[in-house]
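Colleague: Sequence lines, in order, name chains L and W.
Residue numbering for the first sequence follows our numbering, starting at 1 and increasing by one per position.
Residue numbering for the second sequence follows our numbering, starting at 1001 and increasing by one per position.
Mind having a look at this structure? Questions to follow.
Protein chains: 2
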Amino acid sequence: MPKQVDHPIILGIVGDSASGKTTLAAGVAQILGEDRCTVMCTDDYHAFDRSERAKLGLSALDPRANYVDILEQHLRLLRDGHAILKPLYDHARGTLERPVYLQPKDFVIAEGLLGYTTRTMRDCYDVKIYLDPIEDLRRKWKRRRDTTQRGYTSGEVEESLEKRKKDAPQFIHPQRTFADIVIRFSRPEGANGSDIHLDVRHLLRPTLPHPDFSPLFDGSNHADLRLELSRDSDGKPVDVLEIKGDISDSRAEKIENLLWDLIPEAGHLRDQVGRIDVSNGAPMSHPLALTQLLVGYHAVKASMGERAY
Amino acid sequence: MPKQVDHPIILGIVGDSASGKTTLAAGVAQILGEDRCTVMCTDDYHAFDRSERAKLGLSALDPRANYVDILEQHLRLLRDGHAILKPLYDHARGTLERPVYLQPKDFVIAEGLLGYTTRTMRDCYDVKIYLDPIEDLRRKWKRRRDTTQRGYTSGEVEESLEKRKKDAPQFIHPQRTFADIVIRFSRPEGANGSDIHLDVRHLLRPTLPHPDFSPLFDGSNHADLRLELSRDSDGKPVDVLEIKGDISDSRAEKIENLLWDLIPEAGHLRDQVGRIDVSNGAPMSHPLALTQLLVGYHAVKASMGERAY
């Protein structure tokens, strides 16, 4: 697809630990084409390793435990099309490793705990996403990931969840207000604990030119798909798009068609969506697939030079 | 001392392995005030560790074995007053380590094998020094350092010297032509092998406003101090300042006075010079002390906004 702007498009994905950042980043990269995406983690900018943080009594979520100025500098360099030598934090071992040479491709997906902390950082993004799953879901995801992929015991995960109870409201949650889209996954009422049919709620701030969803509604809302004008918890006017986990295939397809039709330049990418698999082999839910598509849509639009503010 | 320019002064010291870069950098930092100097090594920008280079058959001196674009970027950032996250190469172990946060002070002394390789790098410096000791002396220094400080055996040092015989002319020596001052230490004729009374020859290119040395000569050259118009090996017109190892204390003092009188703003730094010790406890030779002073003089002058080109 032709690109109309002369700098890489920077897509931010910020949220608390285990809020689904890596999954969303991978899904969006697949839609945009992995060979055209540079995915980076802003948690690599930790200034101290695990044992140093313990000694200093600093949380990894604390900006003072991160090279915030270097992250600002690197986001700016990437946006200007320059390569960076990115630091590297080993999450499994808790150590800082030799840095990695990183060149920005057409799209840079920057995901991590901190990303919208300072004005300088925020100014680097074309699209800013904040992941805000309901807390029960996030805790479940964190337990599963940290015990299976990061070598923690269940007890250690609980301890970490407890410790971060104070840090997240102080350092992570305040970034929510700067996002163009706040995405909240939740379990439908009466769900049996499976994550397959999660509902999703997109809070759409008027800081991006969102697609016109009105053709989907023929004048009225449906139970499985709703769009409503609302106020965010901070009082700001927002649109709220709700997609239920049990949305019918036909209506999900209608949303897909609408979004793809709005980015005809990216039509050849459409095949990618059908090929997305979640790692455990389960079929992907419509809310997750549509979420990835909507985020990808905004990245493509930004690359065509469309940006509201 | 007041500083008239609003960016850090970048002083480059380039030369082959064991040509005296670290010694000169430390000496100049002491003159300028260590608390006002950031000393960095451009050899930290190796892209591969020792074993990777061996596999690839690449010399550490080869620009392709170094992140040249990142070094350019970092020199520019330092010159603009920004901190960098500098990579770190462990010379003793031959490994790449976690990077180091580095803030530019009033003076940044950047020393290493590569520093003047590209135009972008060269444009970052206020003063460019190239160290070019006679080859016998350099080999002796290399043997001594690599066996005592870097854990190599004599056999390994000889092997490294042999291997680099091809690399140095290809990658290091071509940088000589870009230096404002080329400094060559050599043994006086008939010297018994001691390094205490080395002669020094400064090749002064008209790319910097050199001090007016004429008051030292009262119309004629002396055997222990000479200044002559000459042509460099590349044909360029240069001044050549020669200071003999056995220069008298009184004449050395005359040169010192001349230089200090030309930078009255730095008068309070003068005490430092008398306090310089070489690490082995031997008294510092006049040629080495005067070399450090002359380089420091140019850094101070640059900080006052004086630069010819």
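Backbone N, C-alpha and C define an ideal beta-carbon position, used for all residues, glycine too.
Label Glu156/L either buried or exposed according to how many other C-beta atoms from any shown protein chain fall within 10 Å of its C-beta, with 16 as the threshold for buried.
Modeller: Numbered from its first residue, the first sequence carries residue 156/L at position 156. Classification for Glu156/L: exposed.
Colleague: Using the beta-carbon count (16 or more within 10 Å), is Asn1066/W buried or exposed?
Modeller: Counting from 1 along the second sequence, the entry for residue 1066/W is found at position 66. Buried is the call here.
Colleague: Looking at the unbroken beta strand (DSSP E) that takes in Pro1099/W, where does it start and where does it end?
Modeller: Counting from 1 along the second sequence, the entry for residue 1099/W is found at position 99. First-last of the beta strand (DSSP E) with Pro1099/W: Thr1095 to Leu1102.
Colleague: Output, in chain order, the set of chain L residues within a Cβ distance shorter than 7 Å of Pro1104/W.
Modeller: Locating residue 1104/W in the second sequence gives position 104, counting from the first residue. Neighbours of Pro1104/W on chain L: none; closest Cβ ~13 Å, over 7 Å.
Colleague: Name, please, each residue of chain L whose Cβ falls closer than 9 Å to the Cβ of Pro1096/W.
Modeller: Your numbering for residue 1096/W matches position 96 in the second sequence. Checking the sequence, you will find Leu at residue 1096/W rather than Pro. Residues of chain L passing the Cβ test: Glu97, Arg98 and Pro99.
Colleague: With Asp90/L as the anchor, note down where its beta strand (DSSP E) starts and where it stops.
Modeller: Walking along the first sequence from the start, residue 90/L turns up at place 90. Ile84 to Asp90 is the extent of the beta strand (DSSP E) around Asp90/L.
Colleague: My assumption, with CB atoms under 8 Å, is that Thr120/L sits in contact with Glu159/L. Please give the rounded CB distance.
Modeller: On the first sequence, position 120 is the one that residue 120/L refers to. On the first sequence, position 159 is the one that residue 159/L refers to. 34 Å between Cβ atoms; not a contact.
Colleague: Give the DSSP-derived three-state secondary structure of Pro1237/W in the structure shown.
Modeller: Position 237 of the second sequence holds residue 1237/W. Looking at Pro1237/W - three-state DSSP - the assignment turns out to be strand.
Colleague: Strictly under 8 Å for the Cβ-Cβ distance: is Tyr1309/W near chain L by that measure?
Modeller: Residue mapping note: residue 1309/W aligns to position 309 of the second sequence, counting from 1. Residue confidence is low: Tyr1309/W scores 44 on pLDDT, short of 50, so the model does not pin down where it sits. No coordinate-derived value is stated.
Colleague: Which residues of chain W have a Cβ atom closer than 8 Å to the Cβ of Ile70/L, listed in chain order?
Modeller: Here residue 70/L refers to the residue found at position 70 of the first sequence. Ala1083, Ile1084, Leu1085 and Tyr1101, listed in chain order.
Colleague: Which residues does DSSP pair with Phe1185/W in a beta bridge?
Modeller: Taking the second sequence and counting its residues from 1, the one referred to as residue 1185/W is at position 185. Bridge partners of Phe1185/W: Val1200/W.
Colleague: Work out the CA separation of Ile1084/W and Glu253/L for me, nearest whole Å.
Modeller: In the first sequence, counting from the first residue as 1, residue 253/L sits at position 253. In the second sequence, counting from the first residue as 1, residue 1084/W sits at position 84. Cα-Cα distance, rounded: 48 Å.
Colleague: Would DSSP call Leu225/L helix, strand or coil?
Modeller: Reading the first sequence from its first residue, position 225 is the one you call residue 225/L. Correct three-state label for Leu225/L: strand.
Colleague: Is Ala223/L buried or exposed, if buried means 16 or more other CB atoms sit within 10 Å of its CB?
Modeller: On the first sequence, residue 223/L is found 223 positions in, with the first residue counted as 1. Exposed, by the Cβ-count rule.
Colleague: Near Asn1280/W, what residues of its chain come up, given a Cβ to Cβ distance below 7 Å and the 5 sequence neighbours on each side ignored?
Modeller: What you label residue 1280/W is simply residue 280 of the second sequence in a count that begins at 1. With a pLDDT of only 48 at Asn1280/W, under the threshold of 50, the placement of this residue in the model should not be trusted, and no figure is reported.
Colleague: Does the beta carbon of Tyr1116/W come closer than 8 Å to any beta carbon on chain L?
Modeller: Sequence index remark: in the second sequence, residue 1116/W carries index 116 (1-based). No, its Cβ sits nowhere closer than 8 Å to a Cβ of chain L.
Colleague: Would you check if the stretch 252-268 of chain L and the stretch 285-297 of chain L touch, i.e. whether three or more CB-CB distances between them fall below 8 Å?
Modeller: Yes, since at least three Cβ pairs between the stretch 285-297 of chain L and the stretch 252-268 of chain L fall closer than 8 Å, the two stretches touch.
Colleague: Whether or not the stretch 1173-1192 of chain W and the stretch 1132-1144 of chain W are in contact is what I'm after, with contact meaning three or more pairs of Cβ atoms, one per stretch, closer than 8 Å; do they touch?
Modeller: Yes, the stretch 1132-1144 of chain W touches the stretch 1173-1192 of chain W.
Colleague: Looking only at C-alpha atoms, which of Leu75/L, Gly245/L and Pro237/L sits nearest to Gln103/L?
Modeller: Residue 103/L sits at position 103 when you count from the first residue of the first sequence. Considering only alpha carbons, the answer is Leu75/L.
Colleague: Can you name the residues that DSSP bridges to Cys1037/W?
Modeller: Along the second sequence, one-based indexing puts residue 1037/W at 37. Partner(s): Phe1107/W.
Colleague: Could you spell out the range, first to last residue, of the beta strand (DSSP E) harbouring Gly267/L?
Modeller: The residue you call residue 267/L lines up with position 267 of the first sequence. Neither: Gly267/L is in no beta strand (DSSP E) and is coded neither H nor E.
Colleague: Could you give the distance in angstroms between the alpha-carbon of Asp1106/W and the alpha-carbon of His1007/W?
Modeller: For the purposes of this step, residue 1106/W is identified with residue 106 of the second sequence, where counting begins at 1. For the purposes of this step, residue 1007/W is identified with residue 7 of the second sequence, where counting begins at 1. Each residue's Cα considered, the two are about 8 Å apart.
Colleague: Please state the DSSP three-state secondary structure of Leu1011/W.
Modeller: Counted from its first residue, the second sequence places residue 1011/W at position 11. Reduced to three states, the DSSP call for Leu1011/W is strand.
Colleague: Tell me whether His202/L counts as near the ligand MG, meaning its Cβ is closer than 7 Å to at least one heavy atom of that ligand.
Modeller: This structure does not include the ligand MG; it has no bound ligands of any sort.
Colleague: Kindly indicate which three-state DSSP category Leu1075/W falls into: helix, strand or coil?
Modeller: Here residue 1075/W corresponds to residue number 75 of the second sequence, with the count starting at 1. Note: Leu1075/W maps to helix in three-state DSSP.
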